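**Q** Please read through the structure below; I'll follow up with questions.
Residue numbers (my numbering): 170 to 406.
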């Protein structure tokens, strides 16, 4: 639970979050309890589980009053055996001093967090998205494993700043990688493909999800406001 609460604290003030606790029966008398965070960004729901990574739960409902019920329904759609689901909209979160500032198995969640940090300080960042490296092609499912618990691959942030594209792997955020572009319909950028091969990311299916200008503008605004509050001596804890 602590990892999920820490992740929710990292995104506090940036995007809408909910902490989720559920169980998946690993044995008849011993359900496996899982703690996760659901992030809402650019019209989509994302389930981040520190032990399993991040996967999409689909489009966010237009009616926010039904989000909790939809989270439960979509978890059970991925894994019918899911039980004991609890959704917390306002859990008691640890203080900034009590968290590590990193996301275990961050993947998409890590990309989003790194994007917020970039937007807070770089006015010239004009476009961004995420490249997903998946072990399954479209329409393929995990062999003998639950879609909720299966390896979903990895995600890398790509962004354009000053008319140049870069890739930032949340596993190595201190080493941005220059790219020629992200037109994956024709071929993956050679530098990005080389990075994926070196670190062992799956290349069976590679897709690009571009973020909307409205989502980037909103995240930039929230990231800068949070940075201002955290740097202000008079800001509340």
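C-beta atoms are modelled at their ideal positions from N, C-alpha and C, and glycine is treated no differently. Note that the structure is a prediction, hence the values are computed from the model and not measured.
I need the DSSP call for residue 373, collapsed to helix, strand or coil.
**A** coil
**Q** So, under 8 Å CB-CB, residue 233 and residue 324 are touching, yes? Tell me the CB distance rounded to an integer number of Å.
**A** 26 Å between Cβ atoms; not a contact.
**Q** Determine the extent of the beta strand (DSSP E) in which residue 227 is found, giving its start and end residues.
**A** 222-228
**Q** Assuming residue 188 and residue 174 are in contact, meaning their beta carbons sit under 8 Å apart, how far apart are those beta carbons, in whole angstroms?
**A** 6 Å
**Q** Near residue 400, which residues of its chain fall below 7 Å by C-beta distance, leaving aside the five closest residues on each side in sequence?
**A** none
**Q** Between 259, 220, 221, 210, which lies nearest to residue 228 when the distance is taken from Cα to Cα?
**A** 210
**Q** Quick one: give me the first and last residue of the alpha helix (DSSP H) that residue 294 is part of.
**A** First-last for residue 294: 294-303, but that is the beta strand (DSSP E), not the alpha helix (DSSP H).
**Q** If I'm right that residue 351 touches residue 358 with Cβ under 8 Å, what's the distance once you round it to whole angstroms?
**A** 7 Å
**Q** What separation, rounded to the nearest whole angstrom, lies between the Cα atoms of residue 345 and residue 279?
**A** Their backbone Cα atoms lie some 14 Å apart in a straight line.
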